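**Q** Supplied in structure tokens, the structure appears directly below.
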């Protein structure tokens with residue numbers, strides 16, 4: 475029997491963005507060089523959390539099992555709490571949260587539409603994979619913004635209840651072997667689009683000035699964390 479209500483919290487790992495050759499003296503990526511201006515960072519981070527909430531709410535409506543509805547509601551509630559916390563932080567700084575989020579609505583809504591699978595389980599996996607990668611990315615970016623960034627780290631590091639999703643996915647995979655290959659293929663399709671969202675958040679003029687060898691460690695770290703999440707569910711990355 476699956477334990478839907480996990481009590482332990484897994485410590486979140488913050489990306490360090492080391493290059494593959496760091497031990498041999500290769501240049502370390504300075505993420506501050508790539509970080510967008512603060513309002514852009516806050517607006518996109520807030521809207522991403524709202525998007526997770528919206529997709530999870532949609533899944534709750536499509537789920538007949540009460541225990542599963544409860545699990546998804548915990549994850550949706552955690553996303554909404556983080557969204558509200560970032561919105562409150564924006565307001566404390568004297569800015570309009572809606573105006574800061576609005577520039578990202580079209581592109582991020584389009585990204586979310588791409589992650590809606592043909593089946594609810596695919597969509598649920600999409601939330602877990604994309605939210606995990608993007609939260610890691612924004613945690614790494616947050617180090618560029620001093621005290622405000624530290625506040626964002628605290629917000630994003632709060633319990634996200636996504637172990638509830640892991641439990642559902644593990645039960646699904648164990649119940650039918652065909653799900654394992656189907657979901658593994660779906661997850662691989664999600665990675666490229668998620669990396670594009672990360673790239674769009676960085677300063678385009680800085681990206682243009684850097685060669686791919688210096689940018690690559692950003693994505694190498696993201697992919698390593700992604701692989702660990704896949705392994706935890708018993709899926710190949």
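In this note's numbering, the protein residues as written are 475 to 711. The C-beta atom is built at its ideal place from N, Cα and C for all residues, glycine as well. Since the model is a prediction, treat every value here as computed from it, not as a measurement.
1) Less than 8 Å separating the beta-carbons of residue 625 and residue 563?
2) Out of 690, 619 and 664, point me to the one whose CA is closest to residue 608's CA.
3) By Cβ distance, which residues of its chain are closer than 8 Å to residue 700, with the 5 residues on each side in sequence left out?
4) Just checking, does the segment 588-600 make contact with the segment 551-569 on the three C-beta pairs under 8 Å criterion?
5) Around the C-beta of residue 690, are 16 or more other C-beta atoms found within 10 angstroms, so that it is buried, or is it exposed?
6) Measuring alpha carbon to alpha carbon, tell me which residue in 662, 531, 658 and 695 is nearest residue 643.
7) Would you tell me roughly how many angstroms separate the C-alpha atoms of residue 530 and residue 538, rounded to the nearest one?
8) On a Cα-Cα basis, can you pick out the residue from 646, 543, 704 and 549 that is closest to residue 662?
9) Assign residue 586 to one of two classes, buried (16 or more other C-beta atoms within 10 Å of its C-beta) or exposed (fewer than that).
10) Residue ranges of each beta strand (DSSP E) run of no fewer than 3 residues wholly in the segment 501-565, ordered along the chain?
11) CA-CA distance, residue 646 and residue 534?
12) Specify the secondary structure class of residue 423 as computed by DSSP and reduced to three states.
13) Under DSSP, the alpha helix (DSSP H) around residue 600 begins and ends at which residues?
14) To the nearest angstrom, how far is it from the Cα of residue 675 to the Cα of residue 549?
15) How many Å lie between residue 744 and residue 536 at the Cα?
16) Return the Cβ separation of residue 601 and residue 639 in integer angstroms, given the expectation that the two are a contact with Cβ distance under 8 Å.
17) In chain order, what residues of the same chain have a beta carbon less than 7 Å from the beta carbon of residue 678, not counting five sequence neighbours either side?
18) From what residue to what residue does the alpha helix (DSSP H) around residue 589 run?
19) Measuring from the CB of residue 676, is there a heavy atom of the ligand FMN at a distance below 7 Å?
20) Among 544, 518 and 523, which residue has its Cα nearest to the Cα of residue 429?
21) What is the DSSP secondary structure of residue 628, reduced to helix, strand or coil?
**A** According to the structure data:
1) yes
2) 664
3) 603, 606, 607, 665 and 711
4) no
5) exposed
6) 658
7) 14 Å
8) 704
9) buried
10) none
11) 16 Å
12) Summary: the structure shown does not reach residue 423, with the chain confined to residues 475 through 711, and so no result is reported for it.
13) 594-616
14) 25 Å
15) Given a span of 475 to 711 for the chain in the structure shown, any question on residue 744 remains unanswerable.
16) 7 Å
17) none
18) Taken as a continuous stretch (DSSP letters only), residue 589 belongs to no alpha helix (DSSP H), as it is neither H nor E.
19) Here there are no bound small molecules, and the ligand FMN is not part of this structure.
20) The first residue shown for the chain is 475 and the last is 711, placing residue 429 beyond what the model contains.
21) helix
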